[in-house]
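Written out below as structure tokens is the structure these notes cover.
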Amino acid sequence: MRHFFRTQLTQGEVLRHADEFFKGIAMEREAHTAKSRTFTGALGTLNLGVKAEGGHYTFVEVVTDQMGESRLDRNAKKFFVELHRSAEPAHRIEAAY
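For the sequence shown, numbering that gives the first Met the number 0 assigns the number 0 to the initial residue and increments by one for each residue that follows.
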């Protein structure tokens, strides 16, 4: 599945967060470049890429090798929440219904 997120964090900050987050869920960093990471583990394979978008934003794209809503996909979404918390620590994420 393919997921994406836009953040105000720099590309380097996003990649540092990715290295920490995915290591914490037993994913090994298999490959890396200045703007991408590939992580593998028991949950599957995840490719993460970053690029500058719209001035001061960073576009983060995650592609997993899983079909449907897998545990790896849920962890990718959790990673996006962690990025949001890092960029805006005062913002509380709440249900809006």
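Every residue, glycine too, gets a C-beta built ideally from N, C-alpha and C.
Bear in mind the structure is a predicted one, so any value in this text is a computation, not a measurement.
{"Item": "Please name the residue in Ser35, Arg73, His90 whose C-alpha comes closest to that of Phe58.", "Value": "Ser35"}
{"Item": "Tell me, please, whether the stretch 88-95 touches the stretch 19-37 by the rule of three or more beta-carbon pairs shorter than 8 Å.", "Value": "no"}
{"Item": "Are the stretch 48-57 and the stretch 71-79 touching, with three or more C-beta to C-beta distances below 8 Å?", "Value": "no"}
{"Item": "Taking DSSP as the reference, what is the three-state secondary structure of His16?", "Value": "helix"}
{"Item": "Taking the alpha helix (DSSP H) that Lys77 belongs to, which residues open and close that run?", "Value": "70-86"}
{"Item": "Have a look at the DSSP bridge pairing and note the partners of Glu52.", "Value": "Tyr56"}
{"Item": "For Thr63, which beta-bridge partners are listed by DSSP?", "Value": "Leu45"}
{"Item": "Can you say whether Met66 is buried or exposed, counting buried as having 16 or more other CB atoms within 10 angstroms of its CB?", "Value": "exposed"}
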